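This report concerns only the one structure given below.
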Amino acid sequence: MDTAPLSEAPAKKLLRESVHAQLRADILSCRILPGAEIREAELAARFEVSKSPVRDALMHLEREGLVISSPRQGYRVSPVSLSDVQDMFHLRTVLERACMERIVHLASDAQLAALDAFRQFDAHRWEGGFVAYNRAFHGTLAELSHNKRMRDQINDLIDQMERVVRVSLANVSQEHPVSPVEEHSRIIDALQERKARRAARLAEQHIATAAHRVNDALSRRVIAD
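Counting the sequence shown from 1 gives a position; the numbering used here is that position plus 431.
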(Lines of atoms letter the chains of each structure in order from A and count residues from 1; the text may use other names and numbers.)
(Lines give C-alpha, C1' and ligand atoms only; values in the text may rest on other atoms or scores of the structure.)
Protein backbone atom coordinates (compact mmCIF):
# COMPACT_ATOMS: atom_id res chain seq x y z
CA MET A 1 0.00 0.00 0.00
CA ASP A 2 1.38 3.41 -1.00
CA THR A 3 1.47 5.75 2.03
CA ALA A 4 3.48 8.55 0.39
CA PRO A 5 0.61 11.09 0.20
CA LEU A 6 0.02 10.80 3.95
CA SER A 7 3.70 11.32 4.75
CA GLU A 8 3.93 14.28 2.40
CA ALA A 9 0.85 16.10 3.71
CA PRO A 10 2.45 17.62 6.85
CA ALA A 11 5.43 18.85 4.81
CA LYS A 12 3.15 20.45 2.23
CA LYS A 13 1.11 22.12 4.97
CA LEU A 14 4.26 23.44 6.64
CA LEU A 15 5.54 24.77 3.32
CA ARG A 16 2.25 26.53 2.58
CA GLU A 17 2.14 28.05 6.08
CA SER A 18 5.75 29.22 5.78
CA VAL A 19 5.09 31.00 2.49
CA HIS A 20 1.93 32.55 3.92
CA ALA A 21 3.71 33.75 7.07
CA GLN A 22 6.56 35.37 5.12
CA LEU A 23 4.26 37.07 2.63
CA ARG A 24 1.98 38.29 5.42
CA ALA A 25 4.94 39.76 7.29
CA ASP A 26 6.17 41.49 4.12
CA ILE A 27 2.76 43.04 3.48
CA LEU A 28 2.17 44.17 7.06
CA SER A 29 5.64 45.70 7.34
CA CYS A 30 5.20 47.42 3.95
CA ARG A 31 8.19 45.63 2.45
CA ILE A 32 5.57 44.90 -0.20
CA LEU A 33 3.71 48.18 -0.59
CA PRO A 34 -0.08 48.65 -0.75
CA GLY A 35 -1.26 48.32 -4.34
CA ALA A 36 1.82 46.40 -5.49
CA GLU A 37 1.31 43.60 -7.99
CA ILE A 38 2.13 40.07 -6.85
CA ARG A 39 3.27 37.52 -9.40
CA GLU A 40 3.04 33.84 -8.55
CA ALA A 41 6.03 32.89 -10.69
CA GLU A 42 8.29 35.47 -9.01
CA LEU A 43 7.21 34.33 -5.55
CA ALA A 44 7.71 30.67 -6.46
CA ALA A 45 11.26 31.51 -7.58
CA ARG A 46 11.92 33.57 -4.47
CA PHE A 47 10.80 30.82 -2.07
CA GLU A 48 12.15 28.03 -4.30
CA VAL A 49 8.81 26.24 -4.34
CA SER A 50 6.17 25.33 -6.90
CA LYS A 51 3.28 27.67 -7.62
CA SER A 52 0.88 25.52 -5.57
CA PRO A 53 1.92 26.64 -2.05
CA VAL A 54 2.22 30.22 -3.32
CA ARG A 55 -1.31 30.09 -4.71
CA ASP A 56 -2.62 28.60 -1.45
CA ALA A 57 -0.89 31.33 0.56
CA LEU A 58 -2.33 34.06 -1.67
CA MET A 59 -5.84 32.65 -1.30
CA HIS A 60 -5.39 32.70 2.47
CA LEU A 61 -4.18 36.31 2.34
CA GLU A 62 -7.18 37.20 0.19
CA ARG A 63 -9.51 35.80 2.86
CA GLU A 64 -7.69 38.00 5.38
CA GLY A 65 -8.27 41.03 3.18
CA LEU A 66 -4.56 41.67 2.60
CA VAL A 67 -4.55 40.90 -1.13
CA ILE A 68 -7.15 41.14 -3.86
CA SER A 69 -7.42 39.14 -7.07
CA SER A 70 -8.73 40.07 -10.48
CA PRO A 71 -9.63 37.69 -13.33
CA ARG A 72 -6.70 37.32 -15.74
CA GLN A 73 -4.77 40.02 -13.82
CA GLY A 74 -3.54 38.04 -10.84
CA TYR A 75 -3.06 39.41 -7.32
CA ARG A 76 -2.07 42.70 -5.81
CA VAL A 77 -1.73 43.97 -2.26
CA SER A 78 -4.93 45.55 -0.97
CA PRO A 79 -4.68 49.34 -0.91
CA VAL A 80 -4.95 51.19 2.39
CA SER A 81 -8.30 52.95 2.26
CA LEU A 82 -9.54 55.68 4.58
CA SER A 83 -12.87 53.92 5.08
CA ASP A 84 -11.20 50.65 6.09
CA VAL A 85 -8.87 52.48 8.47
CA GLN A 86 -11.84 54.20 10.10
CA ASP A 87 -13.59 50.85 10.52
CA MET A 88 -10.52 49.35 12.17
CA PHE A 89 -10.12 52.24 14.57
CA HIS A 90 -13.81 52.09 15.47
CA LEU A 91 -13.56 48.38 16.25
CA ARG A 92 -10.39 48.92 18.28
CA THR A 93 -12.15 51.57 20.34
CA VAL A 94 -14.95 49.16 21.24
CA LEU A 95 -12.59 46.30 22.06
CA GLU A 96 -10.03 48.30 24.02
CA ARG A 97 -12.66 50.03 26.14
CA ALA A 98 -13.97 46.60 27.13
CA CYS A 99 -10.39 45.44 27.62
CA MET A 100 -9.73 48.22 30.17
CA GLU A 101 -12.67 47.16 32.31
CA ARG A 102 -11.54 43.54 32.37
CA ILE A 103 -7.95 44.48 33.22
CA VAL A 104 -9.06 46.59 36.19
CA HIS A 105 -11.09 43.71 37.62
CA LEU A 106 -8.93 40.71 36.66
CA ALA A 107 -5.25 41.70 36.42
CA SER A 108 -3.01 41.12 39.42
CA ASP A 109 -1.11 43.92 41.16
CA ALA A 110 2.14 42.45 39.81
CA GLN A 111 0.82 42.45 36.24
CA LEU A 112 -0.27 46.07 36.55
CA ALA A 113 3.06 47.07 38.08
CA ALA A 114 4.86 45.46 35.13
CA LEU A 115 3.21 48.00 32.81
CA ASP A 116 5.68 50.57 34.13
CA ALA A 117 8.09 49.21 31.51
CA PHE A 118 6.03 51.09 28.90
CA ARG A 119 6.20 54.51 30.59
CA GLN A 120 9.27 55.40 28.56
CA PHE A 121 10.31 54.68 25.00
CA ASP A 122 13.94 53.86 24.35
CA ALA A 123 14.70 53.53 20.65
CA HIS A 124 17.78 51.43 21.45
CA ARG A 125 15.73 48.89 23.39
CA TRP A 126 13.09 48.29 20.73
CA GLU A 127 14.63 46.83 17.58
CA GLY A 128 11.54 47.70 15.56
CA GLY A 129 11.42 51.27 16.88
CA PHE A 130 8.20 52.91 18.02
CA VAL A 131 6.08 50.46 16.02
CA ALA A 132 7.48 47.53 18.04
CA TYR A 133 7.08 49.40 21.33
CA ASN A 134 3.50 50.42 20.57
CA ARG A 135 2.62 46.92 19.40
CA ALA A 136 4.03 45.41 22.59
CA PHE A 137 2.11 47.83 24.81
CA HIS A 138 -1.28 47.19 23.24
CA GLY A 139 -0.55 43.48 22.90
CA THR A 140 0.22 43.30 26.62
CA LEU A 141 -3.04 45.04 27.47
CA ALA A 142 -4.90 42.56 25.28
CA GLU A 143 -3.23 39.68 27.11
CA LEU A 144 -4.21 41.13 30.48
CA SER A 145 -7.88 41.12 29.46
CA HIS A 146 -7.93 37.38 30.27
CA ASN A 147 -10.31 36.90 27.36
CA LYS A 148 -8.79 34.80 24.60
CA ARG A 149 -11.24 35.88 21.92
CA MET A 150 -10.84 39.56 22.79
CA ARG A 151 -7.06 39.15 22.88
CA ASP A 152 -7.01 37.46 19.47
CA GLN A 153 -9.29 40.09 17.93
CA ILE A 154 -7.17 42.96 19.24
CA ASN A 155 -3.90 41.32 18.17
CA ASP A 156 -5.34 40.65 14.71
CA LEU A 157 -6.31 44.33 14.44
CA ILE A 158 -2.83 45.34 15.56
CA ASP A 159 -1.44 43.12 12.79
CA GLN A 160 -3.79 44.54 10.19
CA MET A 161 -3.02 48.12 11.23
CA GLU A 162 0.76 47.75 11.31
CA ARG A 163 1.13 48.74 7.67
CA VAL A 164 -1.23 51.69 8.26
CA VAL A 165 0.98 52.86 11.11
CA ARG A 166 4.10 52.46 8.98
CA VAL A 167 2.56 54.40 6.10
CA SER A 168 1.75 57.26 8.51
CA LEU A 169 4.97 57.27 10.54
CA ALA A 170 5.92 60.67 9.18
CA ASN A 171 3.57 62.12 11.80
CA VAL A 172 5.40 60.50 14.71
CA SER A 173 9.03 61.04 15.66
CA GLN A 174 10.65 57.62 15.92
CA GLU A 175 13.24 58.94 18.36
CA HIS A 176 10.96 60.91 20.67
CA PRO A 177 7.25 60.04 20.24
CA VAL A 178 6.41 61.98 23.41
CA SER A 179 2.65 62.35 23.03
CA PRO A 180 1.73 58.66 22.49
CA VAL A 181 4.04 57.57 25.32
CA GLU A 182 2.49 60.13 27.68
CA GLU A 183 -0.94 58.83 26.71
CA HIS A 184 0.22 55.30 27.53
CA SER A 185 1.43 56.49 30.93
CA ARG A 186 -1.94 58.04 31.74
CA ILE A 187 -3.67 54.79 30.81
CA ILE A 188 -1.24 52.88 33.04
CA ASP A 189 -1.97 55.29 35.91
CA ALA A 190 -5.70 54.65 35.62
CA LEU A 191 -5.26 50.89 35.44
CA GLN A 192 -2.92 50.76 38.42
CA GLU A 193 -5.41 52.85 40.38
CA ARG A 194 -8.10 50.42 39.16
CA LYS A 195 -10.27 53.17 37.77
CA ALA A 196 -12.10 51.37 34.98
CA ARG A 197 -14.12 54.28 33.59
CA ARG A 198 -11.13 56.58 33.50
CA ALA A 199 -8.96 53.93 31.83
CA ALA A 200 -11.67 53.26 29.23
CA ARG A 201 -12.07 56.98 28.52
CA LEU A 202 -8.31 57.47 28.17
CA ALA A 203 -8.04 54.45 25.87
CA GLU A 204 -10.81 55.85 23.67
CA GLN A 205 -9.10 59.26 23.52
CA HIS A 206 -5.77 57.62 22.75
CA ILE A 207 -7.23 55.68 19.82
CA ALA A 208 -9.08 58.75 18.56
CA THR A 209 -5.84 60.74 18.56
CA ALA A 210 -4.05 57.97 16.69
CA ALA A 211 -6.92 57.77 14.19
CA HIS A 212 -6.70 61.50 13.53
CA ARG A 213 -2.94 61.28 13.02
CA VAL A 214 -3.25 58.33 10.63
CA ASN A 215 -6.18 59.78 8.69
CA ASP A 216 -4.29 63.04 8.25
CA ALA A 217 -1.22 61.22 6.97
CA LEU A 218 -3.24 59.03 4.61
CA SER A 219 -5.20 62.01 3.29
CA ARG A 220 -1.98 63.83 2.48
CA ARG A 221 -0.66 60.74 0.71
CA VAL A 222 -3.92 60.54 -1.24
CA ILE A 223 -4.49 56.89 -0.36
CA ALA A 224 -8.21 56.50 -0.73
CA ASP A 225 -10.88 54.12 -1.96
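Ideal Cβ placement from N, Cα and C applies to all residues, glycine included. Values in this document were obtained by computation on a predicted structure and should not be read as measured data.
- Less than 9 Å separates the beta-carbon of VAL450 from that of ALA488.
- Annotation for GLY505: the continuous beta strand (DSSP E) segment containing it runs 505-508.
- Taking 9 Å as the cut-off, the beta carbon of ARG528 is found closer than this to the beta carbon of ALA634.
- Residue burial is scored here from C-beta neighbours: ALA541 has fewer than 16 other C-beta atoms within 10 angstroms and is therefore classed as exposed.
- If only complete runs of 4 or more residues are kept, the region 454-538 shows the alpha helix (DSSP H) at 471-478, 482-494, 513-537, in order along the chain.
- In the structure shown, the three-state DSSP call for ARG580 is helix.
- For GLU613, the enclosing alpha helix (DSSP H) begins and ends at 609-623.
- Cβ contact annotation for ASP553 (same chain, cutoff 8 Å, sequence separation greater than five): none.
- One Cα belongs to ALA631, the other to ALA548, and the distance between them is close to 20 Å.
- Out of HIS637, SER539, TRP557, the CA that lies nearest to the CA of SER576 is found in SER539.
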